[in-house]
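The C-terminal position of the sequence shown is numbered 65 in numbering that gives the first Met the number 0, with every residue numbered one higher than the one before it.
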Amino acid sequence: MQAAPVRATAIPTFTDALRAVESLLMSGGQRTARRNAWTSVLEDRRRAKDRVEAQRVLDQAAAGRP
C-alpha cells in the first residue's frame, strides 16, 4: 500500500489576508489609489528622516564637532 502524496500549503500571512479582503471590497482603481497613497506616506516619512539627519550633521558641523 502506497502512502498518499503530502501537499504543503503555505499559510497566508496577515498581510495576504488583508489584501484578499481589500480585493473583495474595493475595485481595482480604488486599490491602486490606496497603495499609491501608502507608498507616498512611506516616502514622506523617509524624506523627513533624511531631513532630520541632515540637520543633525549641519548642527554638528556648525558647532565644530566631527
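C-beta: ideal position from N, C-alpha, C; glycine also.
CB of residue i within 8 Å of CB of residue j, strictly
i          : j          : result
residue 30 : residue 22 : yes
Through-space distance from residue j to residue i, alpha-carbon basis
i          : j          : result
residue 44 : residue 13 : 23 Å
residue 35 : residue 46 : 16 Å
residue 20 : residue 60 : 51 Å
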